[in-house]
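In order, the protein sequence lines correspond to chains P and G.
According to the working numbering, the first sequence holds residues 4 to 115 in order.
According to the working numbering, the second sequence holds residues 116 to 229 in order.
Glycine included, every Cβ here is placed at the ideal spot set by N, Cα and C.
Note that the coordinates shown come from a computational prediction; the quantities given were computed from them, not determined experimentally.
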Amino acid sequence: QKEVEQNSGPLSVPEGAIASLNCTYSDRGSQSFFWYRQYSGKSPELIMFIYSNGDKEDGRFTAQLNKASQYVSLLIRDSQPSDSATYLCAVNLETNAGKSTFGDGTTLTVKP
Amino acid sequence: DAGVTQSPTHLIKTRGQQVTLRCSPKSGHDTVSWYQQALGQGPQFIFQYYEEEERQRGNFPDRFSGHQFPNYSSELNVNALLLGDSALYLCASSLPSAGSYGYTFGSGTRLTVV
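1) Kindly indicate the opening and closing residues of the beta strand (DSSP E) around G/Pro-176.
2) Helix, strand or coil for G/Ser-188, going by three-state DSSP, please let me know.
3) Quick check on the burial criterion: 16 or more other C-beta atoms within 10 angstroms. Buried or exposed for G/Asn-125?
4) Between G/Leu-191 and G/Gly-223, is the Cβ-Cβ spacing less than 7 angstroms?
5) From which residue to which residue does the beta strand (DSSP E) around G/Thr-120 run?
6) Is there a Cβ of chain P sitting closer than 7 angstroms to that of G/Pro-140, yes or no?
7) In the structure shown, what three-state DSSP assignment does G/Leu-198 receive?
8) Report the CB separation of G/Gln-133 from G/Val-193 in whole angstroms; it is logged as a contact under 8 angstroms.
9) For P/Asn-56, does the count of other Cβ atoms within 10 angstroms reach 16, so buried, or fall short, so exposed?
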């Protein structure tokens, strides 16, 4: 079992729709959670981080964390073609605050 | 505010050779982590440097080594290159306690081993 798992996709949504990206992790000691966006041929860019159970909103993005179920999700509202990218979920253990373990990413395509 | 800079951007090496990749962290950051990203996969943690010492290491062989300088910049060295070392090498900077706040990544070095 991989430490951080994501559906590889591709996930395709129409412009204006809500895109839902999911991530599960195996270590219950995980304390901080991140979503990165990576455009093709580029490096990852941090979108959001979340530590506590519940929702965290930033503009069109909402991160949701459920530690009991060991999953974290990212919702993108009013999806735009410019949101088309690979979204990477990353997890930090409490005792290894500096190291992030990444999933393999979900590729999102937003169709005009 | 300068972001993370990496050099070179692309590199082609022959199997068995050695390579050195360089990284300057974002202004105000003093921790540098190195990741290897193969095509279609997520970044894999190589190691992290803080206060000029290797603080954590991932599951990479000793052929992978690094260094951090007093100005926080860092180098990644790979010896005895294998074809499987071909990948995008990413440098990520952060504050030491703020692994919890995420990384700032450089643009990466694309290494091709032939």
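Taking the structure as given:
1) In the second sequence, residue 176 of chain G corresponds to position 61, counting from 1. Boundaries cannot be given for G/Pro-176, as no beta strand (DSSP E) includes it and DSSP labels it neither H nor E.
2) The residue given as residue 188 of chain G occupies position 73 in the second sequence. Coil at G/Ser-188, not helix or strand.
3) One-based indexing of the second sequence puts residue 125 of chain G at position 10. Reading off the sequence shown, one finds His at residue 125 of chain G, where the question assumed Asn. Classification for G/His-125: exposed.
4) The residue given as residue 191 of chain G occupies position 76 in the second sequence. The residue given as residue 223 of chain G occupies position 108 in the second sequence. No; because the gap between Cβ atoms is not below 7 angstroms, this pair is not in contact.
5) For the purposes of this step, residue 120 of chain G is taken as residue 5 along the second sequence, with counting starting at 1. In this chain, the beta strand (DSSP E) harbouring G/Thr-120 covers 120-122.
6) Stepping through the second sequence from its first residue, residue 140 of chain G is reached at position 25. Interface annotation, G/Pro-140: not in contact with chain P, CB-CB separation never under 7 angstroms.
7) For this step, residue 198 of chain G is matched to residue 83 along the second sequence. Annotated three-state conformation of G/Leu-198 is helix, per DSSP.
8) Locating residue 133 of chain G in the second sequence gives position 18, where the first residue counts as 1. Locating residue 193 of chain G in the second sequence gives position 78, where the first residue counts as 1. About 7 angstroms separates the Cβ atoms of G/Gln-133 and G/Val-193, confirming a contact at the 8 angstroms cut-off.
9) On the first sequence, position 53 is the one that residue 56 of chain P refers to. Looking at its Cβ environment, which holds fewer than 16 other Cβ atoms inside 10 Å, P/Asn-56 is exposed.
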